[in-house]
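K.L.:
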Amino acid sequence: AQSVTQLDSQVPVFEEAPVELRCNYSSSVSVYLFWYVQYPNQGLQLLLKYLSGSTLVKGINGFEAEFNKSQTSFHLRKPSVHISDTAEYFCAVTYGQNFVFGPGTRLSVLP
Amino acid sequence: DTAVSQTPKYLVTQMGNDKSIKCEQNLGHDTMYWYKQDSKKFLKIMFSYNNKELIINETVPNRFSPKSPDKAHLNLHINSLELGDSAVYFCASSQRDWGQGYNEQFFGPGTRLTVL
């Protein structure tokens, strides 16, 4: 079965430091890739997506992600985080009729 | 002009009761979903409808029954509620891309269900 792995369940980082949230997926076919953010007590909001084309994708709030087909990865990065980035981040993959979410990474930005 | 809306936002009820959660999308999408998010934030897909036809029906107790009266609505009815049903339920919609799959999903704000 296809799966999405987010290796870090929790990532604490100090404000203004860079951060990388890791995502790997298992699929031998072409996929679409997404990162969603969930702020406390809210629904999920799309940060960015990769459908095709350039492997470096820029999203909202200064986030970007790089698609690496050979490593089946789609890691999310931000060069300088803010307190307001504290949230749960979900990686997701869609292929055919399947849409699979990873287990999430809790990003905690410390002052 | 909310894209995906759910009602109610909070639902507190006793064990054994029957309840419904409603979802509507005004994005013109052809596919809608129900997810359950547990206390550990894990998202589990429950159902998916494409053009009112059930296409995903994960291992969910048959006490849960989705109903799609039209493409813009997908309601979730739960019979004989149990303590373990307490969770946040999210509705989502997306548009099928006949090239490779589905494009991104748009989520509703969630319904926090508490069963006492």
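In the order they appear, the protein sequences are chains A and B.
The first sequence begins at 1 in our numbering and counts up by one.
The second sequence begins at 1 in our numbering and counts up by one.
Positions of the beta carbon are idealized from the N, C-alpha and C atoms, including for glycine.
Alpha carbon to alpha carbon, how far is GLN25(B) from THR2(B)? Give it in angstroms, no decimals.
P.N.:
Cα to Cα, the separation comes out at about 8 angstroms.
K.L.:
Any beta carbon from chain B within less than 8 angstroms of GLY59(A)'s own beta carbon?
P.N.:
GLY59(A) does not count as touching chain B.
K.L.:
On the CB-based measure, 16 or more other CB atoms within 10 Å of its CB, does LEU106(B) come out buried or exposed?
P.N.:
The amino acid occupying residue 106(B) in the given sequence is Phe; Leu does not appear at that position. It counts as buried.
K.L.:
Quick one: any contact between the region 73–92 of chain B and the region 19–34 of chain B, if contact means 3 or more CB pairs under 8 angstroms?
P.N.:
The region 73–92 of chain B is in contact with the region 19–34 of chain B.
K.L.:
With three or more beta-carbon pairs closer than 8 angstroms as the criterion, would you say the region 95–104 of chain A touches the region 38–46 of chain B?
P.N.:
At 8 angstroms Cβ cutoff, the stretches touch.
K.L.:
If you measure from the beta carbon of GLN95(B) to each beta carbon in chain A, is any gap under 8 angstroms?
P.N.:
Not closer than 8 angstroms to any Cβ of chain A, the Cβ of GLN95(B) fails to qualify, so no.
K.L.:
How should THR111(B) be labelled, buried or exposed, when 16 other C-beta atoms within 10 angstroms of its C-beta is the threshold for buried?
P.N.:
Buried.
K.L.:
Using the beta-carbon count (16 or more within 10 Å), is SER54(A) buried or exposed?
P.N.:
Under this definition SER54(A) is an exposed residue.
K.L.:
For VAL57(A), does the count of other Cβ atoms within 10 angstroms reach 16, so buried, or fall short, so exposed?
P.N.:
Its Cβ being crowded by 16 or more others within 10 Å, VAL57(A) is buried.
K.L.:
Name the chain A residues that come within less than 7 angstroms of PHE107(B), Cβ to Cβ?
P.N.:
Those are GLY43, LEU44, listed as they occur along chain A.
K.L.:
Less than 8 angstroms separating the beta-carbons of SER65(B) and HIS77(B)?
P.N.:
Yes, the Cβ-Cβ distance between SER65(B) and HIS77(B) is below 8 angstroms.
K.L.:
Which residues in chain B sit within 7 angstroms of PRO103(A), going by Cβ to Cβ distance?
P.N.:
Chain B residues near PRO103(A): PHE42.
K.L.:
What does GLU104(B) reach in chain A if we use C-beta pairs closer than 7 angstroms?
P.N.:
The answer, in chain order, is PHE34, LEU46, LYS49.
K.L.:
Pair every Cβ in the region 91–100 of chain A with every Cβ in the region 30–46 of chain A, then say whether three or more of these pairs are closer than 8 angstroms.
P.N.:
Taking 8 angstroms as the limit for Cβ pairs, the verdict is that the region 30–46 of chain A does touch the region 91–100 of chain A.
K.L.:
Tell me the DSSP bridge mates of GLU66(A)?
P.N.:
GLU66(A) pairs with LEU56(A), HIS75(A).
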